[in-house]
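In the working numbering, the protein residues as written are 1 to 591. Beta carbons are placed, not taken as given, at the ideal position from N, Cα and C, and that holds for glycine.
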Amino acid sequence: MKFWRSVVGKLAVTILLLVSFVLFILTILLLEFFENFHTEEAEKDMLQTATKVSVMAEQYKDKDLITDTTERVKDPSSRIVIYFPDETVWVSGSNDEHLSKISEEWLLNKANKKELLTDKQKVKKQVKLPDHDMGAFLVGTTTNDNDTAVFIYQSLAIMDQTKQETTKIIVLAAGIAIILTTIFAFFLSTRITSPLIKMREAAFDLTRGEFNTKVPILTHDEIGELAMAFNRMGRQLKFHINALRQEKEQLSSILSSMADGVVTLSRNGEMIVTNPPAERFFDDWFFEYNYPEQTNHLLLPVELNDVLEEVIQGEKEVLKEISLQGRSWVMIMTPLYDQSYVRGAVAVIRDMTEERRLDKLRKDFIANVSHELRTPISMLQGYSEAIVDDIAETKEEKNELAQIIYEESLRLSRLVNELLDLARMEAGHIQLKIEPVYIDEYISRILRKFRGVSDDNQIDLKVKKDISVEIAYFDVDRIEQVLTNLIDNAIRHTSEGGFVTVDVIYHGKTLEVSVQDTGSGIPEEDLPFVFERFYKADKSRTRKDNKKGTGLGLSIANNIIKAHQGTITVKSKLNQGTTFSFKIPSKKMEE
Numbered sequence: 001m002k003f004w005r006s007v008v009g010k011l012a013v014t015i016l017l018l019v020s021f022v023l024f025i026l027t028i029l030l031l032e033f034f035e036n037f038h039t040e041e042a043e044k045d046m047l048q049t050a051t052k053v054s055v056m057a058e059q060y061k062d063k064d065l066i067t068d069t070t071e072r073v074k075d076p077s078s079r080i081v082i083y084f085p086d087e088t089v090w091v092s093g094s095n096d097e098h099l100s101k102i103s104e105e106w107l108l109n110k111a112n113k114k115e116l117l118t119d120k121q122k123v124k125k126q127v128k129l130p131d132h133d134m135g136a137f138l139v140g141t142t143t144n145d146n147d148t149a150v151f152i153y154q155s156l157a158i159m160d161q162t163k164q165e166t167t168k169i170i171v172l173a174a175g176i177a178i179i180l181t182t183i184f185a186f187f188l189s190t191r192i193t194s195p196l197i198k199m200r201e202a203a204f205d206l207t208r209g210e211f212n213t214k215v216p217i218l219t220h221d222e223i224g225e226l227a228m229a230f231n232r233m234g235r236q237l238k239f240h241i242n243a244l245r246q247e248k249e250q251l252s253s254i255l256s257s258m259a260d261g262v263v264t265l266s267r268n269g270e271m272i273v274t275n276p277p278a279e280r281f282f283d284d285w286f287f288e289y290n291y292p293e294q295t296n297h298l299l300l301p302v303e304l305n306d307v308l309e310e311v312i313q314g315e316k317e318v319l320k321e322i323s324l325q326g327r328s329w330v331m332i333m334t335p336l337y338d339q340s341y342v343r344g345a346v347a348v349i350r351d352m353t354e355e356r357r358l359d360k361l362r363k364d365f366i367a368n369v370s371h372e373l374r375t376p377i378s379m380l381q382g383y384s385e386a387i388v389d390d391i392a393e394t395k396e397e398k399n400e401l402a403q404i405i406y407e408e409s410l411r412l413s414r415l416v417n418e419l420l421d422l423a424r425m426e427a428g429h430i431q432l433k434i435e436p437v438y439i440d441e442y443i444s445r446i447l448r449k450f451r452g453v454s455d456d457n458q459i460d461l462k463v464k465k466d467i468s469v470e471i472a473y474f475d476v477d478r479i480e481q482v483l484t485n486l487i488d489n490a491i492r493h494t495s496e497g498g499f500v501t502v503d504v505i506y507h508g509k510t511l512e513v514s515v516q517d518t519g520s521g522i523p524e525e526d527l528p529f530v531f532e533r534f535y536k537a538d539k540s541r542t543r544k545d546n547k548k549g550t551g552l553g554l555s556i557a558n559n560i561i562k563a564h565q566g567t568i569t570v571k572s573k574l575n576q577g578t579t580f581s582f583k584i585p586s587k588k589m590e591e
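Shown next as structure tokens:
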């Protein structure tokens with residue numbers, strides 16, 4: 001069945017049927033022509049012979065001469081009948097054994113005589129021979145004086161045999177023509193369809209993405225031009241596919257690298273294109289609103305579908321703020337047009353949590369700075385007014401007030417300097433001076449500064465060292481500032497009889513330091529905020545003196561460690577103690 005559906009089969013069968021039809025019509029016409037031709041030729045030949053015999057019978061009166069000559073000139077397969085004026089009949093012989101003689105009685109029969117011996121007319125007809133069913137073709141003529149009649153008849157079988165031979169030749173020629181036509185049709189159809197088959201295979205290759213496929217150009221006719229056009233189409237298709245792929249990859253890269261979520265929606269709310277931030281947003285949405293797992297997550301949530309309907313109906317941009325899983329989101333949805341028809345929408349989803357947090361930090365920072373500055377400024381103003389108004393009468397009282405004013409000014413100066421340092425660090429303007437340091441001596445020198453304070457407060461200050469490499473590389477002053485802050489905080493928030501342990505580990509690549517105390521600890525809810533500016537936990541951590549910090553030390557320490565490409569962490573349990581740990585890589589400046 002596949003052959004009959006192919007172009008080769010259809011073309012070959014079409015050519016074969018067309019040629020067969022033409023040959024059939026031609027054979028019918030040729031058979032008809034040759035049948036008439038043989039009949040006419042036989043009739044013509046027999047009539048010429050009869051005419052010659054009748055002329056001879058008219059000129060000569062000798063019957064023997066006439067009959068003898070007649071035997072010589074006639075066709076051996078036919079018989080000649082001469083009807084003489086004396087009503088005698090002579091019938092010649094024949095080599096056709098089946099061709100019987102016409103009897104004198106049959107010829108002189110009134111019906112036959114009237115039919116055959118018509119005055120001055122030639123006779124042409126088919127007759128049945130007497131005593132036989134054999135048919136014969138008979139022609140006859142009479143002399144001018146109408147005294148003598150000559151008839152020649154021949155068996156129809158002779159003429160039929162000639163027709164059969166002619167038919168055999170014509171049918172054989174037609175059969176040979178059909179065979180040759182079949183071969184030619186298959187050859188021609190194969191030659192025509194072979195390039196088409198190659199083009200079909202090349203088209204299948206194109207559908208599989210093999211755009212380098214080329215069709216061989218075998219001819220320079222229309223099929224060759226079609227092959228050239230196909231190859232040109234393949235090159236253009238490859239070019240356009242590559243261009244579309246590049247644009248798609250570029251768009252995908254842009255969408256993937258965007259911090260904002262982007263989602264393209266159809267009119268029915270189907271999400272066509274999404275990027276990772278948008279997928280995270282919708283995952284949080286489905287989790288927040290308890291969508292079942294079998295829900296089609298490719299469709300926009302029902303709660304947001306109203307926004308899409310508003311965009312499509314109003315053909316305008318819609319802004320919506322969303323709070324989800326403790327984060328703040330802003331969605332801007334804009335209609336997408338197909339000419340004048342709104343075919344969908346594109347939504348840009350921005351996580352505004354950090355902006356909201358920074359805005360809150362800015363407000364809190366202003367409030368905290370105002371609060372921190374208000375106390376020393378109030379004290380400076382109050383005590384200075386006391387001196388101006390001569391409230392302090394004695395020199396000792398004036399010196400005490402001046403001492404307080406001096407300490408508050410130092411505190412104010414320290415606060416301002418720390419704010420400036422923190423601002424520079426957060427702006428990325430911190431410059432590290434990396435230099436080699438002998439770790440053992442460095443740690444021992446820092447701890448010596450706190451021996452007196454720890455002894456005064458009856459706190460055991462201990463150190464553990466695991467050092468296999470003597471020299472490390474970091475900014476000496478900055479790391480000392482971090483350690484000083486951590487150890488000072490640990491001592492100030494540890495009760496009498498407690499201990500503070502400094503643990504140092506260094507094996508050549510990473511410096512690990514932890515400061516552990518047995519102080520009051522930090523509440524769990526405050527742990528995420530200990531490294532923020534102005535963090536203080538006075539409500540839960542008891543100080544042993546009236547010295548107050550600025551709340552910037554841990555924030556500065558955090559920025560210093562980050563500048564060293566390190567990490568700082570805190571672990572604490574309320575009323576059990578706190579451990580601050582940091583890790584920094586040790587490397588030379590040229591590295």
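Where does THR142 fall in DSSP's three states? One-based indexing of the sequence shown puts residue 142 at position 142. Strand, per DSSP.
Taking C-alpha atoms, which residue in HIS564, GLN576, GLU210 and HIS98 lies nearest to SER516? Position 516 of the sequence shown, counted from the start, is the residue given in the question as residue 516. For clarity, residue 516 is Gln in the given sequence; the question names Ser instead. Comparing Cα-Cα distances from GLN516 to each of HIS564, GLN576, GLU210 and HIS98, the minimum goes to GLN576.
N-terminal and C-terminal residue of the beta strand (DSSP E) that GLY261 is part of: Taking the first residue of the sequence shown as position 1, residue 261 is located at position 261. 261–266 is the span of the beta strand (DSSP E), which, as asked, contains GLY261.
Taking the straight line between their C-alpha atoms, what separation do you get for ARG478 and GLU512? Your numbering for residue 478 matches position 478 in the sequence shown. Your numbering for residue 512 matches position 512 in the sequence shown. So the alpha carbons of these two residues sit roughly 15 Å apart.
Candidates LEU358, GLN161, GLY519 and VAL139: closest to TYR153 by CA position: Taking the sequence shown and counting its residues from 1, one reaches residue 153 at position 153. The candidate whose alpha carbon is nearest that of TYR153 is VAL139.
Please go through the same chain and pick out, in chain order, the residues whose beta-carbon is closer than 6 Å to the beta-carbon of ASP545, but skip the five residues on each side of it. Numbered from its first residue, the sequence shown carries residue 545 at position 545. Here ASP545 scores only 46 on pLDDT, less than 50, and its place in the model should not be relied on; the value that follows carries that caveat. So no residue of the chain qualifies.
When VAL348, GLU385, SER340 and SER328 are compared against LEU358, the one with the closest alpha-carbon: Counted from its first residue, the sequence shown places residue 358 at position 358. The shortest Cα separation from LEU358 among VAL348, GLU385, SER340 and SER328 belongs to SER328.
Can you list, in chain order, the residues of its chain whose CB lies under 8 Å from that of THR141, leaving out five sequence neighbours each side? By 1-based counting over the sequence shown, the position of residue 141 is 141. If we look at THR141 and ignore the five residues flanking it on each side, its Cβ neighbours are LEU47, ALA50, THR51, SER54, LYS122, VAL123, ALA149 and VAL150.
Give me the Cα-Cα distance between VAL453 and SER384, rounded to the nearest whole angstrom. Position 453 of the sequence shown, counting from 1, holds the residue named residue 453. Position 384 of the sequence shown, counting from 1, holds the residue named residue 384. Taking the straight line joining both Cα atoms gives about 32 Å.
Are the CB atoms of ASP260 and PRO277 nearer to each other than 8 Å? Numbered from its first residue, the sequence shown carries residue 260 at position 260. Numbered from its first residue, the sequence shown carries residue 277 at position 277. Their beta carbons are under 8 Å apart, which means ASP260 touches PRO277 by this criterion.
CB-CB under 7 Å to LEU31, same chain, minus the five flanking residues each way: which ones, in chain order? One-based indexing of the sequence shown puts residue 31 at position 31. Only THR167 and ILE170 meet the Cβ criterion.
Using the beta-carbon count (16 or more within 10 Å), is ASP68 buried or exposed? Position 68 of the sequence shown, counted from the start, is the residue given in the question as residue 68. It counts as exposed.
Measure the alpha-carbon distance for VAL311 versus ASN290 and round it to whole angstroms. The residue given as residue 311 occupies position 311 in the sequence shown. The residue given as residue 290 occupies position 290 in the sequence shown. Taking the straight line from one Cα to the other gives about 26 Å.
Please state whether the Cβ-Cβ distance between LEU23 and ALA174 is less than 8 Å. For this step, residue 23 is matched to residue 23 along the sequence shown. For this step, residue 174 is matched to residue 174 along the sequence shown. Yes, they are a contact pair.
Using CA coordinates, which residue listed in THR567, PRO523 and LYS573 is at the minimum distance from SER581? On the sequence shown, position 581 is the one that residue 581 refers to. Considering only alpha carbons, the answer is THR567.
Compute the beta-carbon to beta-carbon distance between ILE522 and SER555, rounded to the nearest angstrom, for a pair I have assumed lies under 8 Å. Counted from its first residue, the sequence shown places residue 522 at position 522. Counted from its first residue, the sequence shown places residue 555 at position 555. About 15 Å separates the two Cβ atoms, so there is no contact after all.
If I follow the unbroken alpha helix (DSSP H) through MET199, where does it start and stop? As a working note, residue 199 is residue 199 in the sequence shown. Its alpha helix (DSSP H) spans residues 156–207.
My understanding is that VAL463 touches ILE443, with C-beta atoms under 8 Å, so please give their C-beta distance in whole angstroms. Indexing the sequence shown from 1 puts residue 463 at position 463. Indexing the sequence shown from 1 puts residue 443 at position 443. Yes, VAL463 and ILE443 are in contact; Cβ-Cβ is about 7 Å, under 8 Å.
Which of the three DSSP states is assigned to PRO276 in this structure? Stepping through the sequence shown from its first residue, residue 276 is reached at position 276. Three-state result, PRO276: helix.
For MET233, does the count of other Cβ atoms within 10 angstroms reach 16, so buried, or fall short, so exposed? Here residue 233 refers to the residue found at position 233 of the sequence shown. Exposed, by the Cβ-count rule.
Output the distance between the C-alpha atoms of ILE28 and ALA157, rounded to the nearest integer angstrom. Residue numbering aside, residue 28 sits at position 28 when the sequence shown is read from its first letter. Residue numbering aside, residue 157 sits at position 157 when the sequence shown is read from its first letter. Cα to Cα, ILE28 sits roughly 21 Å from ALA157.
Please name the residue in ALA557, THR494, ARG451 and LEU410 whose C-alpha comes closest to that of LEU483. The residue given as residue 483 occupies position 483 in the sequence shown. Checked all of ALA557, THR494, ARG451 and LEU410; the closest Cα to LEU483 is ALA557.
Secondary structure at SER454, three-state DSSP: helix, strand or coil? As a working mapping, residue 454 is identified with position 454 in the sequence shown. Of the three classes helix, strand and coil, the one that applies to SER454 here is helix, per DSSP.
Kindly indicate the opening and closing residues of the beta strand (DSSP E) around THR578. One-based indexing of the sequence shown puts residue 578 at position 578. Looking at the DSSP string, the run of the beta strand (DSSP E) that includes THR578 is 577–585.
What does the alpha-carbon distance come out to for the pair GLU288 and LEU300? By one-based count along the sequence shown, residue 288 stands at place 288. By one-based count along the sequence shown, residue 300 stands at place 300. Each residue's alpha carbon lies about 15 Å from the other.
Starting from ALA472, follow its DSSP beta bridges and name the residues at the other end. Along the sequence shown, read from residue 1 onward, the residue named residue 472 stands at position 472. Paired residues: VAL437.
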